[in-house]
Amino acid sequence: MAVEAKICGINDPQAMNAAVQAGAAHVGLVFFPPSPRAVSPQEAAMLAARAPASLNLVGLFVNPEDGLIDQVLEAVPLDIIQLHGKEPPERVAEIRARTGREVMKAIGLKSRDDLAAIKAYEPVVDYLLFDAKAPEGAKLPGGNAVAFDWTLLEEKTWEKPWMLAGGLTPANVATAVKLTRAPCVDTSSGVEDEPGKKNPQLIRDFIGALRGL
37 MAVEAKICGI NDPQAMNAAV QAGAAHVGLV FFPPSPRAVS PQEAAMLAAR
87 APASLNLVGL FVNPEDGLID QVLEAVPLDI IQLHGKEPPE RVAEIRARTG
137 REVMKAIGLK SRDDLAAIKA YEPVVDYLLF DAKAPEGAKL PGGNAVAFDW
187 TLLEEKTWEK PWMLAGGLTP ANVATAVKLT RAPCVDTSSG VEDEPGKKNP
237 QLIRDFIGAL RGL
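Here you go:
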């Protein structure tokens with residue numbers, strides 16, 4: 037089974053076109069204003085119009101209020117809601133029930149102790165996303181170009197589908213997949229020239245690096 041790719045933080049038509057043409061399975065649209073990758077619901081709707089039905093549109097939120105989620109869903113046909121903040125399992129379950137959308141929860145990993153949090157979320161999500169814990173003082177919960185120790189996930193299996201994120205680039209993604217056996221990999225900063233500015237060629241290179249894995 038081919039390893040899938042998620043390109044997160046898409047915020048311009050060229051990046052969306054590159055992700056679609058290269059064969060991404062998921063694209064992420066960021067609805068968190070402090071992020072340099074953030075888009076408005078209207079901008080996201082224009083980008084979503086370029087996506088084929090086979091592509092999963094993922095909306096990334098950080099500790100969102102219901103009003104923001106509703107505003108986005110009115111404009112954008114999201115397939116998956118990605119929660120990348122400190123949402124407790126109860127809130128994750130509530131958002132999933134209220135919106136009727138699939139939900140993905142990002143869990144920050146740095147040490148083996150961080151794996152304990154996964155059990156509480158597994159029953160209430162459709163997808164798990166394992167990312168590097170944000171560095172001390174970082175303004176963003178993800179997209180910080182930081183990787184974690186991939187051996188934490190070695191020989192591990194989960195009941196729910198999962199994705200690997202955190203500092204993945206065209207140069208290291210094959211190594212990360214071989215070590216973790218991740219079925220899907222997620223990149224944002226790893227295919228950018230600078231924060232918030234995607235490089236279409238790096239998107240193609242990242243997805244190309246997964247071929248044959």
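Just add 36 to wherever you are in the sequence shown, counting from 1, and you've got the numbering used here. Heads up, the beta-carbon is just placed ideally off N, CA and C, and yes, glycines get one too. Predicted model, so just to flag it, every value in this text is computed and none were measured.
If you measure between the beta carbons of residue i and residue j, is that distance less than 7 Å?
i, j, result
"A60", "I43", "yes"
"V227", "V209", "no"
"V39", "L204", "no"
"L250", "L188", "Residue 250 cannot be examined here, being either before or after the span of the chain that is shown, 37 to 249."
"K196", "V160", "no"
"W194", "A212", "no"
"A218", "L200", "yes"
"G202", "D229", "no"
"A55", "V63", "yes"
"A58", "I243", "yes"
Kindly indicate which residue of the options has the alpha-carbon position closest to the one of residue i.
i, options, result
"A87", "D48, L96, S76, D185", "D48"
"A85", "P113, Y157, L109, E40", "P113"
"K169", "K234, A142, A74", "A142"
"T223", "K155, K214, L246", "L246"
"Q78", "V160, E191, A111", "A111"
"W198", "P70, E158, V182", "E158"
"A81", "K155, L65, W186, A212", "L65"
"A181", "V128, F242, S225, V94", "S225"
"G232", "A41, K122, F68", "F68"
"E126", "G244, A156, L151", "A156"
"K122", "G244, Y163, A153", "A153"
"Q107", "A41, S76, L83", "S76"
"N92", "T216, L151, P72, Y163", "Y163"
"I131", "E190, R148, L109", "L109"
"L83", "S71, P70, N53", "N53"
"V128", "I105, S71, T216", "I105"
Exposed or buried, residue i, counting other C-beta atoms within 10 Å across all chains shown (16 or more means buried)?
i, result
"P206", "buried"
"K192", "exposed"
"A89", "exposed"
"A41", "buried"
"S147", "exposed"
For the region 228 to 241 against the region 84 to 102, do three or more pairs of beta-carbon atoms, one drawn from each stretch, fall closer than 8 Å, so that the two count as touching?
no
Taking 8 Å as the cut-off, does the region 137 to 154 touch the region 114 to 122 (at least 3 CB pairs, one atom from each stretch)?
yes
Kindly provide the ranges of any alpha helix (DSSP H) runs that are 4 or more residues long and lie completely inside the region 70 to 122, ordered along the chain.
77 to 84, 102 to 111
Any beta strand (DSSP E) of 3 or more consecutive residues that is wholly inside the region 184 to 247:
198 to 200, 220 to 223, 228 to 230
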